[in-house]
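Chemist: Be aware that the sequence shown starts at 7, since it is given in the numbering used here, and climbs by one per residue.
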Amino acid sequence: MGRAYDLFRRWQRDGTWQRIFTQLQARADAKDLITWDLNIDSTVCRAHQHAAGARKRGSCKRSRPAASPSSPTTTASGARAAA
7 MGRAYDLFRR
17 WQRDGTWQRI
27 FTQLQARADA
37 KDLITWDLNI
47 DSTVCRAHQH
57 AAGARKRGSC
67 KRSRPAASPS
77 SPTTTASGAR
87 AAA
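1) To the nearest whole angstrom, what separates the beta carbons of Ala34 and Ile26, a pair I think is in contact under 8 Å?
2) In angstroms, rounded to a whole number, what distance separates the CA positions of Ala10 and Trp17?
3) Identify whether Leu28 lies in helix, strand or coil by the three-state DSSP scheme.
4) Does DSSP classify Asp47 as helix, strand or coil?
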């Protein structure tokens, strides 16, 4: 089995398979056995990195609203502290 694979790889490297394919394709084209349909599309569609589930760079910080200085402060027991 190693010998068959070695031969396959050698033919792949030296272009034998490509030449065989090109010849078969040329013969089939000459006999009108190939229908050539071309479709050229230059559309580029890109999603934002976060739309694809990528993580944001930097540390993961949750945005919390800043406490305004005029708002009353609550202690651990829930009672309001004197300002």
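Beta carbons are placed, not taken as given, at the ideal position from N, Cα and C, and that holds for glycine.
Modeler: For this structure:
1) The count along the sequence shown starts at 1 and reaches residue 34 at position 28. The count along the sequence shown starts at 1 and reaches residue 26 at position 20. Incorrect: roughly 13 Å between the Cβ atoms, too far for contact.
2) Locating residue 10 in the sequence shown gives position 4, counting from the first residue. Locating residue 17 in the sequence shown gives position 11, counting from the first residue. Ala10 and Trp17: Cα-Cα distance of roughly 11 Å.
3) Position 22 of the sequence shown, counted from the first residue, corresponds to residue 28. For clarity, residue 28 is Thr in the given sequence; the question names Leu instead. For Thr28, the secondary structure class from DSSP, reduced to helix, strand or coil, is helix.
4) Against the sequence shown, residue 47 aligns to sequence position 41. Asp47 falls in the coil class under three-state DSSP.
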